[in-house]
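The opening position of the sequence shown corresponds to residue 21 in our numbering, with each subsequent residue numbered one higher. From the three backbone atoms N, C-alpha and C, an ideal C-beta is built for every residue, glycine too. All of these numbers come straight from a predicted model, not from anything done at the bench.
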Amino acid sequence: MIRLTPLHLIITMCLAQGFAMLTGSTFAALLPTFQAEWALSNTEAGWISGVYFAGYVAAVPILVSLTDRVDSRNVYLVSAVINIVAGLGFAYFAYGVWSSSFWRILQGIGLAGVYMPGLKALTDRLPENRHGRAIAFYTSSFGVGSSLSYLLAGEINIVLDWQWAFVLSSIGPVISALIAVVVLYPQRPATADRPSTRLLDFRPVFRNRRAVSYTLAYAVHNVELFALRSWLVAYLFFSKSLQADGAFGAMWRITIIATVVNALSMPASVIGNELAQKFGRLPVLFGVMTTSCIIAIILGFSASAPYWVVLTLFIIYGLTVSADSSTITGGAVSAADPAYRGATMAVHSMIGFIGSMAGPLIFGVVLDIGGGELNQIAWGLSFTVIGLIVVTGPMFVYFMDRDKQP
């Protein structure tokens, strides 16, 4: 076990989170493959994408709340093992909607025990003045890991097949667990900071209007973010089919494009956090989420536009869709009572990832209702609905955060 400086601990835990996410976007990256092989409707594809977060939502209240009472390190390590089992299980035993849903739910449970518990393990071992930037970098590493998951899945599928994509991506959680074993020294929560209520008593959290406002903003943020991550590859395939021969970028691999778009989450999240520290969280959330809504609507109706236009819009959208992430989570953490920080993060994750579960499903349902994946208007309507949902985020913070604190 190694005792690291705060900076080195932040870096290594960001790496651990990135490796933990290598299984996170494998299904989304190969969505067209599964739709063809399993004859999935858009609604079914959206369901399999979204049910991942149902597992997360079911497990996160328990796993994250436990970090107020036991060492977050232990929760993290057990959950990393669950992630490994889920990835391998999908590879060998998934063959349709319901079997794949089971393994996706298990993946979601694993995510519930590594994402926010990993952040709690990190912040518990850092001085208070390091929390803001630590949260920004850690939450952005979620997106970087998801981006690499797209790349890894796409490349392995080309060389081998989708089963091998899941098997080899499961090495990521193995590495994340090894990192945590080495760099996270055992540390039980301080007795003074332990909550006086029972494990799943969230009443003190819900009485904290300021924290809840950021949690609701997080939910609509996740609707947009995970609708994009789940349907990005499918949309690019559709747009590419409408392009003339030799169009700029048409020869590029779509999973590599998706990797680049998702990788923008790291600089976007960090820059958003810096802007929020300078100008205040609410103005930044208003600017970012409103811009994101506008870009989503334009992008949705631009499938037949020149491919360079589509790619440019995705670059912009990749920035706006993630620029609010650390600002929102940082707002919830800063508003939390120290004795209920784990419980606050549990509620934040639970409600937030209900949005993650709903986003891909809402997108798929609107796509089916609008005419299907070969209809340009249907894609436009799907992106429009997602954009209109995300723009409500700043309203929650404005109306519920009565103190209007930055």
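Alpha carbon to alpha carbon, how far is residue j from residue i? Give it in angstroms, no decimals.
i: S402; j: V386; result: 5 angstroms
i: Y255; j: P52; result: 10 angstroms
i: F334; j: E175; result: 21 angstroms
i: G338; j: S322; result: 16 angstroms
i: Y327; j: A270; result: 7 angstroms
i: T63; j: R145; result: 43 angstroms
i: F373; j: G307; result: 23 angstroms
i: L381; j: W251; result: 10 angstroms
i: F54; j: A378; result: 20 angstroms
i: G392; j: G400; result: 11 angstroms
i: L50; j: W182; result: 7 angstroms
i: R150; j: L27; result: 9 angstroms
i: A260; j: P414; result: The question names Ala, yet the displayed sequence has Lys at residue 260. Going from the Cα of K260 to the Cα of P414 covers about 34 angstroms.
i: F299; j: I348; result: 14 angstroms
i: T89; j: R208; result: It should be pointed out that residue 89 corresponds to Arg in this sequence rather than to Thr. Whole-angstrom Cα-Cα distance: 7 angstroms.
i: L198; j: I155; result: 21 angstroms
i: D221; j: N282; result: 36 angstroms
i: F383; j: S376; result: 11 angstroms
i: I102; j: W272; result: 35 angstroms
i: E244; j: S196; result: 27 angstroms
i: T87; j: G390; result: 44 angstroms
i: P137; j: V290; result: 20 angstroms
i: I274; j: T404; result: 23 angstroms
Since residue i is in the alpha helix (DSSP H), which residue starts that stretch and which ends it?
i: F383; result: R361 to G390
i: G300; result: Run containing G300: none; DSSP gives neither H nor E here.
i: D144; result: V117 to D144
i: G152; result: H151 to V179
i: A267; result: From DSSP, A267 is part of no alpha helix (DSSP H); its letter is neither H nor E.
i: Q37; result: P26 to A40
i: Y76; result: N62 to S85
i: L108; result: S92 to F113
i: I336; result: Y327 to T340
i: T279; result: I274 to A283
i: S196; result: I191 to V203
i: Q396; result: Q396 to V410
i: S346; result: S345 to A355
i: Q55; result: L51 to W58
Which residues in the same chain have their Cβ closer than 6 angstroms to the Cβ of residue i, if we skip the five residues on either side of it in sequence?
i: L24; result: V203
i: S161; result: C34, Q37 and G38
i: Y135; result: none
i: A114; result: S120 and W123
i: G133; result: L83, V95 and S99
i: A231; result: A352, A355, A356 and T364
i: A106; result: W123, L126, Q127 and G130
i: F47; result: none
i: A296; result: V304 and T347
i: S85; result: L219, G362, A363 and A366
i: C313; result: G407, V410 and V411
i: A267; result: Y327
Spatial neighbours of residue i within its chain, please: CB distance less than 8 angstroms, with the 5 preceding and 5 following residues excluded, ordered by chain position.
i: S121; result: W67, I68 and V71
i: I277; result: L256, G269, L331 and F334
i: L394; result: F258
i: L142; result: L29, I30, M33, A154 and Y158
Sorted by chain position, which residues of the same chain lie with C-beta nearer than 7 angstroms to residue i's C-beta, five sequence neighbours on each side aside?
i: N242; result: G372, F373, G375, S376 and G379
i: L262; result: A323 and S324
So, does the region 102–121 touch the region 341–353, judging by three or more C-beta pairs under 8 angstroms? no
Would you check if there are 3 or more beta carbon pairs closer than 8 angstroms linking the region 283–291 to the region 147–164? yes
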